[in-house]
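Since the structure comes first, as structure tokens, the remarks are kept for the end.
There are 2 protein chains.
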Amino acid sequence: MSAVGSSTQRVDGNAKVSGAAQYTADIEMPGMLHAKALRSPHPHARLVRIDASRAAALPGVLAVVTRDDLEGLNPYYGAVVEDQPVLALDRVRCVGDIVAAVAAEEREIAEEAVELMEAEYEPLPAVFDVVEAAQAGAPIIHEERFETQAAIFREQLNLNAGGNVCSVFRAGDGDVDAGFAEADQVFENTYRMPPVQHGHIEPHVATAVWESPNRLLVHTPCQNPVGLQEQLARIFNLPESGVRVVVPFVGGGYGGKTHARLEPVAALLARKSGRPVQWVLTREEVFLTGRRYGGFVKMKTGFKRDGRLVAREVEVFYDLGAYALSGPANAKTGSYVASGPYRVPNRRLTTYAVYTNLPPAGPYRGVGVPHVAWAYESEMDRIARHLGMDPVELRLKNLVQEGDIFVTGEPLVSVGISDCLRQVASDIGWRGRVEQEDGAREGSLRRGKGLAVIMKSTTTPTASAASVRLNGDGSVMLLTSSTEMGQGVRTCLAQIVAEPLGIPVERVTVSAPDTDVTPYDKSTSSSRTTFHMGNAALRAAEDVREQLLEVGAQALEVDKADLELGVDGVRVKGVPDRGLTVPQLLKAKYGDSVGSIFGSCNFQVKGGLDPRTGKGKAAAFWFFSACGAEVEVDVETGKVRVVNVATSVDVGKAINPLQCWLQNEGSMLEALGAAFFEEMVFEQGQPVNGSLLEYMLPSMEDHPERFRSLLVETPHPDGPFGAKGAGEAVIPAVVPAIGNAIANALGGVNITELPLRPDRIVAALAEREAGAPGEDKP
Amino acid sequence: MSAVGSSTQRVDGNAKVSGAAQYTADIEMPGMLHAKALRSPHPHARLVRIDASRAAALPGVLAVVTRDDLEGLNPYYGAVVEDQPVLALDRVRCVGDIVAAVAAEEREIAEEAVELMEAEYEPLPAVFDVVEAAQAGAPIIHEERFETQAAIFREQLNLNAGGNVCSVFRAGDGDVDAGFAEADQVFENTYRMPPVQHGHIEPHVATAVWESPNRLLVHTPCQNPVGLQEQLARIFNLPESGVRVVVPFVGGGYGGKTHARLEPVAALLARKSGRPVQWVLTREEVFLTGRRYGGFVKMKTGFKRDGRLVAREVEVFYDLGAYALSGPANAKTGSYVASGPYRVPNRRLTTYAVYTNLPPAGPYRGVGVPHVAWAYESEMDRIARHLGMDPVELRLKNLVQEGDIFVTGEPLVSVGISDCLRQVASDIGWRGRVEQEDGAREGSLRRGKGLAVIMKSTTTPTASAASVRLNGDGSVMLLTSSTEMGQGVRTCLAQIVAEPLGIPVERVTVSAPDTDVTPYDKSTSSSRTTFHMGNAALRAAEDVREQLLEVGAQALEVDKADLELGVDGVRVKGVPDRGLTVPQLLKAKYGDSVGSIFGSCNFQVKGGLDPRTGKGKAAAFWFFSACGAEVEVDVETGKVRVVNVATSVDVGKAINPLQCWLQNEGSMLEALGAAFFEEMVFEQGQPVNGSLLEYMLPSMEDHPERFRSLLVETPHPDGPFGAKGAGEAVIPAVVPAIGNAIANALGGVNITELPLRPDRIVAALAEREAGAPGEDKP
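Residue numbers (my numbering), protein chains in the order written: chain A, 1 to 778; chain B, 779 to 1556.
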């Protein structure tokens, strides 16, 4: 192989660094208006009255939209649950909920118009804590859904979940009560993760224009253009082909651009004004628009003296905020791995996706897994400490293995997790049990190392379609709706297409998504693209390859097997002079040396879980990763310095090793933010640190002194060239590895809430001194 | 059939009338520069020196390009002959030749910078008349090509064509000398047609940006995006995939936007400046950029007393101007129909494409045919008058018939020309021979009717590829590189795709060309799109249809033949309840109710003519049309009023009758301009009326009082639903029909030069009074 496996330069890199790349906000159209929204100042209120007449009368204002403009449309949308109104109808459910919007000739006029709008509210009781929100008696946020949903829970799960629980998913094995009874020891702890920001440099932005009353064109940096197309079509009662979603260059996504966010309102304004409308959110609005679910995890673990886990019960509460988006699906993704990548014969794993009166959350790299990984990997180190075992040994004793039947009932394949763990342990110089006992000391500084492993599914069942076109000069075009958002998908897919055709990567062009021209894809999320779209692209390219070989074999009167493909066309193996160029092949096929040869593939992985049993097929592939970290903690200030981080991912096959490295390094740095300082703070539903002035994101200053990205390649039998996904594989393992390193540096402390702020570390040390319940207290 | 054959509303109409349609000049990009060219003031000169240093130093100027910037590139380009430099190298060949260009932050700065450029020329002898230019001894315009080309003529045609003859094409039958000897009478005349403007509302315009050193993106209203892509790739030494040509909405083309015009220079400026560059030509520059070939026709006809044509010799000279573009191909198109749609046993037909020192010409609706049609249909009426025959009868006696072997050696199929003639004659109330003898009189006004018929080939061999994608909601996308330039191709193709799938036209979206995503097409020209791309689209849709039927048959356990397709999916014929929706079919095919189903087709018509013999296959299909006109001439002023025009085209099958009407009406009105007042006037190569102030285009004021568009439907066995092309079918017939109507109104006058200006009519009448050689003088 020449294209696949090499660290090819990014195909989109030059455009980005030279400034030639055009982002959505760069688009200008004649007559284009600028949008601005009136947003709710209340976390929960009845919307009594809106008066937009003064705004509408302001010179330069071309359109004002309120709930009255939703007449005749489908006012609610949502990826899983249609619970989000395009504009507030009878009530607002969070601070920042869009109540009305305006489109004006200048941004400043739009802002002024919003100031002129009057909205009257009648405040309602609100609930912000995810566990509280899930209790009976909490203020109900989506009254209209409550009864139906409760009935489903009763029927499917025999469960009296109520209030604001949007979805429940349950997986399990064995007999949990018997398991706990059999255990030598039972640990029970709770863990908490705050909501955090995606922190994509480019804010949410969209440009909408109606080409006709039945034809909407939207430019937006969306990770899920086909899904957005479907939702917009449904809102506006159009066929899918009546909506065209075009994705320009994207300035980062991390899951935050997976769903419709501001596009429905932009489209509504464009429709009313008859003009193109562009809407660029301010950073403050981004904070009110999306984030990672906050989470609360209750974990009870029973284990034997030899370290074997025998029972585990986990309950996880994901805070959706005001609207579900893909919350139920993401919570499900967290459920079946809530007991970790471990063999646990008896387990009951339940996840709840719960509405609160906070701004809506949504998928974020790793979706439901970071929450549970933070819990189960902290627990593993506590158990190891309690048993006096090497945490590596404890993990290896319990880790899932190739061929194991997982809690979902499916056999696991391509399971490189033990290798991942061994790799990072070796790389950070893990020296066994002593590490956790004896943090190196120097003044107030303590050093320690920590480890963590995780597993994650990819969203299944899903489909990805690709089509490949061979041009007359032998260059190739791949049509795909996969979004390049920095992760390198265009480069990776170009490599996958180049390989079977025997051409250099530079001869392959990979489209940006444009629902008019690029085919179906479920979405660019869940680290699924290399596997799913990679398979579709590979098979489409192989389709072209077969056609070339067939024509070549016929024209050259040789067996297909005797031919090979290369940059110049086909040639007879071992006879360099005997071959046909692409124009000659076209001539042989079509009678003229011009034209296109097409290949296509709709790649589908069947699967899915029965909601009653939690059994089925959860993942087209599973990915596994490990992280090892070394930190230095100042016991006086609680400040932590990250000395060394190593990550290892079982990627199946690295299509582009450099890109894997970069994905892992990006994940690692992003996770350090969540580990140490990222948290969105709300007071009574009002954002406290809702801008980049107050909210801290990691920068290169926070980069560890040393970082290594290690790869394990356990080829997946169904992956393109054996590849699996890698994008988000590292992120859930980093935070618990850091937490475990800190605990080891300090000889065991009990911090169960993120981020690992200096004040929390100092407080945990003080607690331990005071003999308060701390480390090793089950 | 429900979609095909109905006058569906234009799918792009709404965007155009509402202003939502985005044209190339509407594009704005951050940092976008504006271009302006320094153009040659000389028709022919050696370029001694260029000094652009003062221009380059002007604040706001980001790039200046001259011949020095072509180093390392392929400096010459051209569709048929690579004779046109991106920027003048050693010499300029016409007024308006691009010598240098500048890109600046504002249009005004670019204009000022051009003023600061200095170019020194050494004038060379120039030649402007096409016949003079073809003679030995004329100043040679492309010296480097002269010897090679002359050798080819000698070898292939045994012909001593020299000087500026770029190409010669010869077709023939029988023994011409024997034919003339056998004739009872021989007529010999010459005809002349001036160059005219295409008159597209939108000027030539392009926006170019380099996304990387190996990746050029050009937006341009081009009729031939793939061809332009190929040319740009060649100029800049890139693979085809290194150039992306995107075609926004187009404000008219008529052939004038078929070839690279300003795109190479725009791309060069963008490369040098590292910025997006937009170039919008002024109307004055459009006049220097493209036009229809002027032509000179020598026609000698031998006929029998009963009206049978027995011999014809035709020589045609097409004035290319300074560069060939597709001139040689267009001149060939004129050659084999130079004796008209008539059976002529002995004929020798020769066309010359000749360089002159006028600005370059290029294809224009009807390409080489209007020139010869003006000649042969004028001759037919003269012969009829001479013989005292009804011109309709004379034509019907000689017209080609179904199955005739044409001069190219191929059998003619789908030949509805006699029906076309009868239709228009009947529609304008043609009453036989008397019409030509006795123009109705009223004071100085004389009424008369006239008729003409024509035939034309479509460019062959060529290929068109299309791909069709079925979405999950049953809507369908057609990917095609066909350019919608007002002719209605998107609507027509949507109808063709909708038909086999049994869905309404509104469910089909048709792409605009984007070479990144839309497949190969030869070009949108030569009225070839309905036939070629229509076939490709139809077969791609049938491919999808077959897949749906196969899946449906399997899932429903019935025979494919028992199923029918409709908007909801497939159903068993006669059993409305038994069927599967598209999502159900997708589920049956792929396991999930989402995804895409693909169909594709590369449609190719083989053919071509042997340049030595003129024999082979000239056309995938031939189209035929007729025009009848009634005029009123004021014999005192020479002013003509068009009372009535009827046109008839054999379209094979009208996919959209209303669009056929509109094409024909547009052609008719365009032809009235050429008939009465359009002519580009040059004095020593300098434009005299080179703007829309001085040059007149027809307006609705010039519309005849009555117009009828008649259609004949002689299904073509290879056409989609029997359809052929219609776009330019009418245009060559209108001018001779008008000319014949004027001659009939006046009882016979001899006007052989276009346009039919009042002064020419008055002069011709005076000539006849004076007994000068006039009508009926062979």
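Don't be surprised by glycine CBs; every beta carbon is placed ideally from N, CA and C.
Original post:
In chain B, what lies closer than 7 Å to Q779/A by C-beta?
Top reply: Here chain A comprises residues numbered 1 to 778, so residue 779/A is not present and cannot be evaluated.
Subject >> Residues near G486/A by beta carbon distance below 6 Å, same chain, minus five either side >> reply: Here the question's residue 486/A lines up with position 486 in the first sequence. For G486/A, where only same-chain residues beyond five positions count, the Cβ hits under 6 Å are G252.
Original post:
Along the chain, where does the beta strand (DSSP E) that runs through M833/A open and close?
Top reply: Limits of chain A in this structure are 1 at one end and 778 at the other, which puts residue 833/A out of reach.
**OP:** Assuming A183/A contacts V310/A (C-beta within less than 8 Å), just tell me the rounded distance between them.
**Re:** Residue 183/A sits at position 183 when you count from the first residue of the first sequence. Residue 310/A sits at position 310 when you count from the first residue of the first sequence. The pair is a contact, with the Cβ atoms about 5 Å apart (cut-off 8 Å).
**OP:** Counting only the same chain and skipping the five closest in sequence on each side, list residues whose C-beta sits under 6 Å from that of A1407/B.
**Re:** Numbered from its first residue, the second sequence carries residue 1407/B at position 629. Closer than 6 Å at Cβ, skipping near neighbours: G1228, V1423, A1515, I1516 and A1519.
**OP:** Consider the Cβ of V864/B: report whether some Cβ of chain A lies at a distance smaller than 8 Å.
**Re:** For the purposes of this step, residue 864/B is taken as residue 86 along the second sequence, with counting starting at 1. Judged by the 8 Å Cβ criterion, V864/B is not in contact with chain A.
Original post:
Which word fits A766/A, buried or exposed, when buried means at least 16 other C-beta atoms lie within 10 angstroms of its C-beta?
Top reply: Position 766 of the first sequence holds residue 766/A. So A766/A counts as exposed.
Original post:
List, in order along the chain, the chain A residues whose C-beta lies closer than 9 Å to that of T1238/B?
Top reply: For the purposes of this step, residue 1238/B is taken as residue 460 along the second sequence, with counting starting at 1. Here the premise fails: no neighbours, minimum Cβ distance about 10 Å.
Original post:
Which residues share a DSSP beta bridge with V277/A?
Top reply: Taking the first residue of the first sequence as position 1, residue 277/A is located at position 277. L33/A and A208/A.
Subject >> Alpha carbon of K300/A to alpha carbon of R382/A, nearest angstrom >> reply: Here residue 300/A is taken as the residue at index 300 of the first sequence, counted from 1. Here residue 382/A is taken as the residue at index 382 of the first sequence, counted from 1. Their backbone Cα atoms lie some 12 Å apart in a straight line.
Original post:
Under the DSSP definition of a beta bridge, which residues are partnered with M193/A?
Top reply: Stepping through the first sequence from its first residue, residue 193/A is reached at position 193. Beta-bridge pairing links M193/A to G295/A.
**OP:** For chain A, find out if any of its Cβ atoms is closer than 8 Å to the Cβ of A1449/B; answer yes or no.
**Re:** Your numbering for residue 1449/B matches position 671 in the second sequence. Closer than 8 Å: no.
**OP:** Note down, in chain order, each residue of its chain lying with its Cβ closer than 7 Å to the Cβ of K1082/B, except the 5 sequence neighbours on either side.
**Re:** To locate residue 1082/B, count along the second sequence from 1; it is residue 304. Excluding positions up to five away in sequence, the list reads A961, D962 and V1088.
Original post:
How close, in whole Å, do the beta carbons of L848/B and L865/B come, if the pair is a contact with beta carbons under 8 Å?
Top reply: Residue mapping note: residue 848/B aligns to position 70 of the second sequence, counting from 1. Residue mapping note: residue 865/B aligns to position 87 of the second sequence, counting from 1. That pair is a contact at about 6 Å.
**OP:** Counting only the same chain and skipping the five closest in sequence on each side, list residues whose C-beta sits under 6 Å from that of A79/A.
**Re:** The residue given as residue 79/A occupies position 79 in the first sequence. Same-chain partners within the cutoff: H259, L325 and S326.
Original post:
Would the region 345-352 of chain A and the region 376-393 of chain A be scored as touching if the rule is three or more Cβ pairs under 8 Å?
Top reply: no
Original post:
Would G472/A count as contacting chain B if we go by Cβ distances under 8 Å?
Top reply: By one-based count along the first sequence, residue 472/A stands at place 472. Taking Cβ atoms only, chain B reaches closer than 8 Å to G472/A, which makes this a yes.
Subject >> Extent of the continuous alpha helix (DSSP H) to which L232/A belongs >> reply: Translated into positions along the first sequence, residue 232/A becomes position 232. Note, L232/A: alpha helix (DSSP H), P225 to I235.
Original post:
Which term fits M895/B, buried or exposed, when burial requires 16 or more other beta carbons within 10 angstroms of its beta carbon?
Top reply: Against the second sequence, residue 895/B aligns to sequence position 117. Per the 10 Å Cβ criterion, buried.
Original post:
Measuring CB to CB, does P1493/B end up less than 8 Å from S1192/B?
Top reply: Counted from its first residue, the second sequence places residue 1493/B at position 715. Counted from its first residue, the second sequence places residue 1192/B at position 414. Yes, they are a contact pair.
Original post:
Along chain A, in chain order, which residues have C-beta atoms closer than 8 Å to that of S1289/B?
Top reply: Here the question's residue 1289/B lines up with position 511 in the second sequence. Within chain A, the residues near S1289/B are D516 and V517.
Original post:
Do three or more CB pairs link the region 506-517 of chain A to the region 468-487 of chain A at distances below 8 Å?
Top reply: yes
Subject >> Exposure of N1135/B, with buried meaning 16 or more beta-carbon neighbours within 10 Å >> reply: As a first step, residue 1135/B is located in the second sequence; it is residue number 357 there, counting from the start. Buried: at least 16 other Cβ atoms inside 10 Å.
Original post:
How would you list, in chain order, the residues of chain B whose beta-carbon sits under 7 Å from the beta-carbon of P30/A?
Top reply: To locate residue 30/A, count along the first sequence from 1; it is residue 30. Within 7 Å Cβ-Cβ: D804.
Original post:
Span of the beta strand (DSSP E) holding A136/A?
Top reply: Residue numbering aside, residue 136/A sits at position 136 when the first sequence is read from its first letter. Per DSSP, A136/A belongs to no beta strand (DSSP E) and is neither H nor E.
Original post:
Which same chain residues, not among the five before or five after E1215/B, have their C-beta less than 6 Å away from its C-beta?
Top reply: Residue numbering aside, residue 1215/B sits at position 437 when the second sequence is read from its first letter. Reliability fails at E1215/B, whose pLDDT of 46 lies under 50, so the model's placement of it is uncertain and the value that follows must be treated cautiously. Within the same chain, E1215/B has no close Cβ partners at all.
**OP:** Give the residues of chain B in contact with G502/A, contact being defined as C-beta atoms less than 9 Å apart.
**Re:** Numbered from 1 along the first sequence, position 502 holds the residue referred to as residue 502/A. Simply none; closest approach about 15 Å.
**OP:** Jot down the residue ranges of each uninterrupted alpha helix (DSSP H) in the region 556-630 of chain A, minimum 4 residues, whole runs only, in chain order.
**Re:** 582-590
Original post:
For the region 1050-1057 of chain B against the region 840-854 of chain B, are there 3 or more C-beta pairs whose distance is under 8 Å?
Top reply: yes
Original post:
What residues from chain A crowd round K1384/B, counting only those whose CB sits closer than 9 Å?
Top reply: Translated into the one-based positions of the second sequence, residue 1384/B becomes position 606. Here the neighbours are Y590, G591 and D592.
Original post:
What do you get for G915/B, buried or exposed, if any count of 16 or more other CB atoms within 10 angstroms of its CB means buried?
Top reply: By 1-based counting over the second sequence, the position of residue 915/B is 137. Exposed, by the Cβ-count rule.
**OP:** Check distances from the C-beta atoms of the region 480-503 of chain A to those of chain B and list, in chain order, the residues that come in under 7 Å.
**Re:** none
Original post:
Between the beta-carbon of I417/A and the beta-carbon of V265/A, is there less than 8 Å?
Top reply: Looking up residue 417/A in the first sequence gives position 417. Looking up residue 265/A in the first sequence gives position 265. Cβ distance not < 8 Å, so I417/A and V265/A don't count as in contact.
Original post:
Excluding sequence positions up to five away, which residues of its chain have a Cβ less than 6 Å from the Cβ of L1450/B?
Top reply: Locating residue 1450/B in the second sequence gives position 672, where the first residue counts as 1. Result list for L1450/B: P1476 and D1480, in chain order.
**OP:** Whole angstroms is fine: what's the gap from N214/A's alpha carbon to A267/A's?
**Re:** In the first sequence, the residue the question calls residue 214/A occupies position 214. In the first sequence, the residue the question calls residue 267/A occupies position 267. Their backbone Cα atoms lie some 12 Å apart in a straight line.
Original post:
Nearest chain B C-beta to E105/A closer than 8 Å, yes or no?
Top reply: Position 105 of the first sequence holds residue 105/A. Chain B contact via Cβ: absent.
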